[in-house]
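Protein chains: 2
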Amino acid sequence: MVNRQTYREAMARFGAAVSVITTDGPGGRFGFTASAVCSVTDDPATLLVCVNRRNDSHQPLLTNAVLCVNTLAADQENLSNLFGGGSVDQDERFAAGHWHTLQTGAPVLDGAVVAFDCRISQVTEVATHTVVFAQVAALQHGASHDGLVYFARAYHTLRRP
Amino acid sequence: MVNRQTYREAMARFGAAVSVITTDGPGGRFGFTASAVCSVTDDPATLLVCVNRRNDSHQPLLTNAVLCVNTLAADQENLSNLFGGGSVDQDERFAAGHWHTLQTGAPVLDGAVVAFDCRISQVTEVATHTVVFAQVAALQHGASHDGLVYFARAYHTLRRP
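Protein chains in written order, with this note's numbering: chain A, 1 to 161; chain B, 162 to 322.
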């Protein structure tokens with residue numbers, strides 16, 4: 001078994017898109033930055049998000065049973081930092097962007113390179129984290145075509161060919 | 162609910178590292194290309210891989226209960242194409258790379274930007290796919306520092322800053 005620090009060093013070599021995961025409903029409006037997101041199946045369209053159980057957004061996400069994966073565009077690094085900062089309160093995070101809703105009521109970010117508006121369909125507990133599976137109810141393609149990835153502890157821009 | 166084609170168009174805007182997932186043991190030596198891989202927790206170091214149940218590697222992976230996530234370096238696009246090609250047989254795929262083993266016996270690719278040698282710890286079924294959770298038994302950092310991501314239906318190089 002490898003230790004935590006060694007694993008983190010290795011994962012720094014694994015490039016990943018940066019998304020702000022949002023939710024709203026009876027559990028309140030919350031959002032956080034995540035890179036542990038991936039597609040599961042296209043039938044029915046389903047993705048997953050790994051959420052630390054100590055994350056403030058964890059319980060609201062499960063209570064609301066909806067989420068939006070707002071995949072950040074190249075010019076949205078500031079939102080990644082704000083929503084990734086444990087000490088920044090939720091109102092301050094949301095004040096930094098413009099938001100609307102699609103079908104589920106979860107906040108959808110103007111200018112995201114793509115946004116997946118989802119209903120939670122299934123959860124699995126794995127050690128410290130909950131893996132949340134969510135079916136895509138609606139989609140938004142942003143006007144920006146360039147993506148943002150995190151790799152080797154830095155942001156990189158992906159230019160659309 | 163969004164349809165399959167619309168969902169695929171949207172996911173094309175979600176950049177992802179490209180890995181070759183390998184396994185070996187009583188179920189045989191198999192490998193395939195995957196971008197649906199992400200970190201779950203660092204305590205204990207655990208990642209996940211989403212595998213279509215129709216994938217030839219699906220049953221061998223579960224039988225062997227070990228896998229290696231070989232995250233490709235910028236100069237390894239050819240391996241992504243070979244291991245992603247449903248019609249290319251397994252011997253031909255493996256012949257295109259050089260391999261060794263670490264702890265579990267799963268094939269580890271020389272030159273991968275990073276390789277996670279894992280034991281399967283848990284699985285969850287989600288529609289057409291099995292989500293395989295795996296604990297990291299050993300790691301390899303490659304000599305190459307530049308990563309490969311797939312975005313907007315093209316390969317992109319991530320240069321280490």
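Ideal Cβ placement from N, Cα and C applies to all residues, glycine included.
Under the three-state DSSP convention, the category F175(B) falls into
coil
Bridge-paired residues (DSSP) for R119(A):
V66(A) and Q135(A)
In whole angstroms, give me the CA-to-CA distance for A171(B) and L79(A).
21 Å
Quick one: which chain A residues come within Cβ less than 7 Å of D204(B)?
R4, A127 and T128
For D271(B), which residues from the same chain have a beta carbon less than 6 Å from its beta carbon, with the 5 sequence-adjacent residues on both sides left out?
H259
Helix or strand or just coil, what does DSSP make of N81(A)?
helix
Going by C-alpha to C-alpha distance, which of F32(A), N81(A), T41(A) and Q90(A) sits closest to E286(B)?
T41(A)
Cβ-based neighbour list, H145(A), same chain, cut-off 6 Å, excluding 5 preceding and 5 following
R160
May I have the straight-line CA-CA distance separating A313(B) from A127(A), to the nearest angstrom?
34 Å
Between the Cα of N70(A) and those of V113(A), R29(A), D43(A) and Q5(A), spot the shortest distance and give me the residue it belongs to.
V113(A)
Distance between A134(A) and A154(A) (C-alpha atoms, nearest Å):
28 Å
Roughly how many whole angstroms lie between the Cα atoms of T183(B) and D89(A)?
43 Å
Are the beta-carbon atoms belonging to D117(A) and A106(A) less than 8 Å from one another?
yes
D203(B) lies in the beta strand (DSSP E); which residues open and close that run?
V198 to D203
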